[in-house]
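UniProt numbering numbers the first residue of the sequence shown as 1 and each following residue consecutively. Yeah, the Cβ is synthetic: ideal placement off N, Cα and C, and Gly gets one too. The structure appears right after this line, and notes come after that.
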Amino acid sequence: MDKKAYIEEFAALQQSLAKLKNASILTESVKGENYVLRYLTKAEADVNPKEISKILNVSSARTAVILKNLEKRELVRRYQDPDSHRQTLVKILPAGIEKNLLMQKTFENSVSDLIDALGEEDFRQYMELKKRVLSYYEQKQSGKKEL
Numbered sequence: 001m002d003k004k005a006y007i008e009e010f011a012a013l014q015q016s017l018a019k020l021k022n023a024s025i026l027t028e029s030v031k032g033e034n035y036v037l038r039y040l041t042k043a044e045a046d047v048n049p050k051e052i053s054k055i056l057n058v059s060s061a062r063t064a065v066i067l068k069n070l071e072k073r074e075l076v077r078r079y080q081d082p083d084s085h086r087q088t089l090v091k092i093l094p095a096g097i098e099k100n101l102l103m104q105k106t107f108e109n110s111v112s113d114l115i116d117a118l119g120e121e122d123f124r125q126y127m128e129l130k131k132r133v134l135s136y137y138e139q140k141q142s143g144k145k146e147l
């Protein structure tokens with residue numbers, strides 16, 4: 001198969017995976033609102049929105065929209081830092097922790113099902129390839145282009 005055919009097949013597979021609800025569970029848990037809930041659940045203390053922007057690699061405006069949506073659903077609360085009145089902090093609420101736990105369980109079940117479907121050896125190889133792809137993009141971002 002030539003490179004162009006690989007590119008077309010890869011694009012088609014990516015598009016097909018994106019359309020499948022069960023497959024999207026694997027990517028949705030590490031993006032946007034879900035990632036913020038996951039991050040806040042693991043944080044040792046309440047978090048400044050600037051920190052969230054940095055870890056998500058998004059603008060402060062996008063972070064504000066995410067936090068506003070989470071606040072509307074009473075999953076997080078923003079409040080003024082008592083030590084520095086110019087700063088805002090974000091606290092995860094019990095409903096946010098519960099939603100994160102449910103999302104994490106759904107993610108774990110989805111990965112477990114994938115392991116069962118592929119078999120352990122194929123899944124291990126899949127993970128090794130994903131690590132190589134990650135390494136490639138990390139190196140590319142830092143200016144290197146080797147696998």
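On the three-state DSSP scale, how would you describe residue i?
i	result
Arg77	strand
Val65	helix
Lys144	coil
Val58	coil
Leu40	helix
Lys91	strand
Can you tell which of the options has the C-alpha that lies nearest to the C-alpha of residue i?
i	options	result
residue 158	Thr27, Asp2, Lys3	The question about residue 158 has no answer, for the chain in this structure spans 1 to 147.
Thr106	Leu134, Tyr39, Lys21, Leu89	Lys21
Ser87	Ala23, Ala18, Asp46, Leu75	The displayed chain sequence assigns Gln, not Ser, to residue 87. Answer by Cα proximity: Asp46.
Compute the minimum distance between the beta carbon of residue i and the heavy atoms of the ligand SAM, and state whether it is under 7 Å.
i	result
Thr63	Ligands displayed in this structure: none; no statement on the ligand SAM is therefore possible.
Going by the beta-carbon positions, is the gap between residue i and residue j smaller than 8 Å?
i	j	result
Ser60	Lys68	no
Under 8 Å by Cβ, that's how I've got residue i and residue j pegged, so tell me the actual separation to the nearest angstrom.
i	j	result
Ala95	Leu75	5 Å
Asn100	Leu37	4 Å
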